[in-house]
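S.K.: Below is the structure I would like to discuss, written out as structure tokens.
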Amino acid sequence: MAVSELHSRVRGVSPIATRTTVLTRLRVHSHVSPRCDSRMLTCSQNVGGRVGFDYIEVMGTAGRIKSEWPSNIINVVSETVEEYRHPTLIVPPEPRAYVEKMYRDELDSWVRSVNQRTDPPITVDDGRERTRVISAVFESGKSNSPVTLR
Numbered sequence: 001m002a003v004s005e006l007h008s009r010v011r012g013v014s015p016i017a018t019r020t021t022v023l024t025r026l027r028v029h030s031h032v033s034p035r036c037d038s039r040m041l042t043c044s045q046n047v048g049g050r051v052g053f054d055y056i057e058v059m060g061t062a063g064r065i066k067s068e069w070p071s072n073i074i075n076v077v078s079e080t081v082e083e084y085r086h087p088t089l090i091v092p093p094e095p096r097a098y099v100e101k102m103y104r105d106e107l108d109s110w111v112r113s114v115n116q117r118t119d120p121p122i123t124v125d126d127g128r129e130r131t132r133v134i135s136a137v138f139e140s141g142k143s144n145s146p147v148t149l150r
């Protein structure tokens, strides 16, 4: 799949001091499946408010994934991945109370893989690809214009 354009838009601020921002809209073109000319994907972020947690939510035409902080809980549903065909809640063995612990756990997993010479939780190529998309989201947000990923 190739991401051809990235649009940023901002949804308003609620009166409860919670801010939900649509960070980006992506149009994804599939060169593999002729029945899927393009799909839209929206990434939004919720910060603050009375709920006591933040989240990033990615919604697309074939499903959605929502990652909550600081609980480190993931909600996912997908029309294309059989194991997530029905709404699924992925809860870590010990839901964390602080964001710092969540990031520490991720870093510890990577360091453990290096020390034990096992496969890392995410490959360098996967990490580089995610960073490229995240950078494009920020660039699009700053310029308020489409960004093309190659």
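Every letter in the sequence shown is one number past the one before it in the working numbering, and letter 30, counting from 1, is 30. Note that beta-carbon positions come from the ideal geometry of N, C-alpha and C, so glycine has one too.
Confirm, please, whether the CB-CB distance from Val76 to Tyr84 is below 8 Å.
M.R.: For Tyr84 and Val76, yes; Cβs fall inside 8 Å.
S.K.: Spatial neighbours of Leu89 within its chain, please: CB distance less than 6 Å, with the 5 preceding and 5 following residues excluded, ordered by chain position.
M.R.: The residues are Asn75.
S.K.: Short check: CB of Ser153 to CB of Pro93, under 8 Å?
M.R.: The first residue shown for the chain is 1 and the last is 150, placing residue 153 beyond what the model contains.
S.K.: Does Ser78 come out as helix, strand or coil in the three-state DSSP assignment?
M.R.: In the structure shown, Ser78 sits in a strand (DSSP, three-state: E or B).
S.K.: Return the Cβ separation of Ala62 and Glu82 in integer angstroms, given the expectation that the two are a contact with Cβ distance under 8 Å.
M.R.: Their Cβ separation, rounded to whole angstroms, is 12 Å, which puts Ala62 and Glu82 out of contact at 8 Å.
S.K.: Going by the beta-carbon positions, is the gap between Ser113 and Asp105 smaller than 8 Å?
M.R.: Contact flag unset, no.
S.K.: Give the range of the alpha helix (DSSP H) segment to which Glu129 is assigned.
M.R.: Where Glu129 is concerned, the enclosing alpha helix (DSSP H) stretches over Val124 to Ser143.
S.K.: Could you give the distance in angstroms between the alpha-carbon of Asn115 and the alpha-carbon of Glu139?
M.R.: About 36 Å.
S.K.: Check the DSSP bridge columns for Leu89 and list the partner residues they point to.
M.R.: DSSP lists Asn75 as partners of Leu89.
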